[in-house]
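Working notes, beginning with the structure itself.
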Amino acid sequence: MGLFSKIKKVFKKAVRGIGKVIKKVTKPITSVLKKVLKPFGKVFSKLGWVGTLALGVMFPGMGSMLGSWMSNITSFALKPFLAAGKAIAPNFTKFLGDMVSGLATRGKNVFSSITDVFKHGVNKIGQAFGFEAPVSQLSSTGQYFTTGGEGTLTDSFSNWVEGIKDRSVGKAPSIEAPTVDTVIEPTVRFDGTTVEAPSLMESTKKPTVRFDGTTVEAPLSFEVVDTSVDSTETPLLDKMDETFTTIKSSKVGRGADYALKGYGAYSAAMGGPEIEEGFYNPNLGLANAGLTQVDQNNQALSSLQFSSPVLNPTDSFNTIAQNYMNGFGYAVPSGQTDYFDYAMQIPGYGYTFDSYLQDSVNQYS
Amino acid sequence: MAIEQAPQINMFEGAIPGQSMTASPDSKMPWDGPPEYAGIKEASEAIFLSLLEEDNLRSVVDLLQNEIPVSEITSVLLMTGYSKGKYNPDLLLMLIEPVMYMIMAIADRFGIENVKIYQGEEEEDALSYEEEISPEDLDDVKMKSLQDVFKNKVISPDLRNTMENSEVAQKLANIDVESLMAKPQEKQEPESLLGRGS
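Chain order of the listed sequences is S and B. When we follow the numbering used here, the leftmost residue of the first sequence carries the number 1, and every step to the right adds one. When we follow the numbering used here, the leftmost residue of the second sequence carries the number 1001, and every step to the right adds one.
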């Protein structure tokens, strides 16, 4: 799916969400606002109140002015009805609740321009009925458009992807780590004073006792085992099992399972890493020789030859290896080097150390 | 309660990661480049002016009269602009609300009643407070409250002048509603050659 398609999906969802909010906000007032705003002359009567609000984007002064007007509500005209004993109060509470929940969005960017105009008014109306700033109270629990408003499109995407994941995989149960009631006892010093253990891990450290009787605090280690919790029967593991079962039974989980099985078949055919051949670089010997040898006798190419006789009765295997190296013009490596092994690593260019050794021994046969 | 159907997802359908990078730089999509409008003010002004063009206005009014929701019209309008590289995705989201109000304003100007804001709004639960309070009582309450709000309020002359003299306001105010609402004259079919011969 390309960027355009993703944007299209997110966008459609966002438009619907905003539409719901606009509907909630404007519906209760639409029928009367026109009449109320008529006396304001040309601006409202010609453009209509919606047109004036729409223009408010281009002329921000209008929106903020309406907002400030609505924030000045000090009393509400519902009182006469309440006095007459009509059962309006609970209903109107719901009306306020709907208005407020409709407005309760986090979208500063999207809603700051027009819909927010009503926010102050609703807050004030709510306060008249004993609610303390209902819009701000509910702002963290926006019902209709909680994603994509405040942040950028990237936030929308991530929320959208999360939503898709939750719906397809099933929302993972919230996993709570088991609590461990470990009592951290203060350390009692030899002089009777006590020292509070700074942390849970610190309290379980065991000091090392030296041969002279002194102790050294052990460094922080991960080998701390709490025996009070049976690791095989924890709610945490149960929850994880449940989660894995849910994931495996979902479409995505099954897809992943097939993919893994496919990979398993591929590995079986191609061979796993355990039966893979080791990597061999034929220049390894030369490279080693170049790194370890200290002196290189300049020797003419024509003079490179194996000395004759190749092998003396007193020669050791090291001597044979040394002869082989000299024969190819290599210096004897410095340090404690196994000459025999070293000679075997030298690229023989068609005459390996094995052959040389065989020839050397065979000359006496 | 209806169970929400899980979306059909095919993991193996889609572009290979990095596939877009293989496209030639010459065949760049319009939305890949810098947008034409970077601010909400300029973008919304351009959209509003474009909406108030006679042909566009007629189309929008037709759609609204045919009970096409405002959200659908907004979607098409904005996505078309985005696909042409007019604005970036962030501005696209920010424009949703103003454009919806613009379309609602047009509906208001043309006196179209029962404008649908979004698809399926009639299926949403009706507000119960309306069931228990008579609409007349509720309107009366709202009217009195709002009259109280707007009592003795004056729009500053500067703002009034700026708004009234703006191009958008002029166009919106001078819309010839009757001519646009009138059905366009049907084109006269050319006389067929066979008809002429008879």
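Note that CB positions come from ideal geometry on N, CA and C, so glycine has one too.
- Excluding its 5 nearest sequence neighbours in each direction, Q1119 (chain B) has C-beta neighbours in its own chain below 8 Å: P1069, S1071, E1072, listed in chain order.
- Put simply, the CB of E1121 (chain B) is near chain S, with a gap under 8 Å to one of its CB atoms.
- In the structure shown, P333 (chain S) falls within a strand segment according to DSSP collapsed to helix, strand and coil.
- Taking L1077 (chain B) as reference, the option from B:V1168, B:L1095, B:E1164, B:D1108 with the minimal CA-CA separation is B:L1095.
- With at least 16 other beta carbons inside 10 angstroms of its own, K1086 (chain B) counts as buried.
- The alpha-carbon of E1167 (chain B) is positioned some 8 Å away from that of L1049 (chain B).
- In the DSSP annotation of this structure, the continuous segment of the alpha helix (DSSP H) that includes D1090 (chain B) starts and ends at 1089–1109.
- Counting the other Cβ atoms within 10 Å of the Cβ of I346 (chain S) gives 16 or more, which makes it buried.
- Listed along chain B, the residues sitting closer than 7 Å to V50 (chain S) by beta-carbon distance are Y1101, M1104, A1105, D1108.
- Bounds of the alpha helix (DSSP H) holding D359 (chain S) are 353–362.
- Legend: CB atoms of the stretch 1150–1172 of chain B lying less than 8 Å from CB atoms of chain S belong to residues F1150, K1153, I1155, S1156, L1159, R1160, T1162, M1163, E1164, S1166, V1168, A1169, L1172.
- For S1059 (chain B), the enclosing alpha helix (DSSP H) starts and ends at 1054–1065.
- Straight-line measurement puts the Cα of L1194 (chain B) at about 46 Å from the Cα of A1107 (chain B).
- According to the DSSP assignment, F340 (chain S) belongs to the alpha helix (DSSP H) that extends over 339–345.
- Assignment of K1116 (chain B) by DSSP, reduced to helix, strand and coil, places it in the coil class.
- Residue-level contact by beta carbon fails for M325 (chain S) and chain B, as no gap is shorter than 8 Å.
- Residue burial annotation: Y351 (chain S) is exposed, with fewer than 16 other C-beta atoms found within 10 angstroms of its C-beta.
- About 19 Å separates the CB atoms of M1102 (chain B) and L1159 (chain B); that is not less than 8 Å, and the two are not in contact.
- Contact between M1100 (chain B) and I22 (chain S) is confirmed by a C-beta separation of about 6 Å, below the 8 Å threshold.
- In the structure shown, the three-state DSSP call for G1085 (chain B) is coil.
- With respect to L1091 (chain B), Y1037 (chain B) sits close: the two C-beta atoms are nearer than 8 Å.
- Within a 10 Å sphere around the beta-carbon of E1097 (chain B) sit 16 or more other beta-carbons, which makes this residue buried.
- Per DSSP, S1024 (chain B) lies in no alpha helix (DSSP H) and is assigned neither H nor E.
- Using a Cβ-Cβ cut-off of 8 Å, K1086 (chain B) does not count as an interface residue toward chain S, since no Cβ of chain S sits closer than that to its own.
- Under the three-state reduction of DSSP, N312 (chain S) is assigned to coil, being neither helix nor strand.
- Interface residue (Cβ-Cβ distance to chain S less than 8 Å): V1061 (chain B) is not classified as such.
- Shown in chain order are the members of the stretch 1009–1027 of chain B whose Cβ falls below 9 Å from a Cβ of chain S: I1009, N1010, M1011, F1012, E1013, G1014, A1015, Q1019, S1020.
- The Cβ of K8 (chain S) sits closer than 8 Å to at least one Cβ of chain B.
- Nearest CB-CB separation between K12 (chain S) and chain B: below the 8 Å threshold.
- Per DSSP, E1122 (chain B) lies in no alpha helix (DSSP H) segment and is marked neither H nor E.
- Between the C-alpha atoms of Y1082 (chain B) and N1088 (chain B) there is a straight-line separation of about 7 Å.
- The contact set of L1049 (chain B) on chain S, defined by CB atoms closer than 8 Å, is empty, because the minimum CB distance reaches about 10 Å.
- For F1110 (chain B), the closest C-alpha among the options B:Q1065, B:I1117, B:P1025, B:V1154 is that of B:Q1065.
- For the stretch 1054–1084 of chain B, residues whose beta-carbon sits nearer than 9 Å to a beta-carbon of chain S comprise P1069, V1070, S1071, E1072, T1074, S1075, L1078, M1079, Y1082, S1083.
- Using a CB distance cut-off of 8 Å, P1098 (chain B) counts as an interface residue toward chain S.
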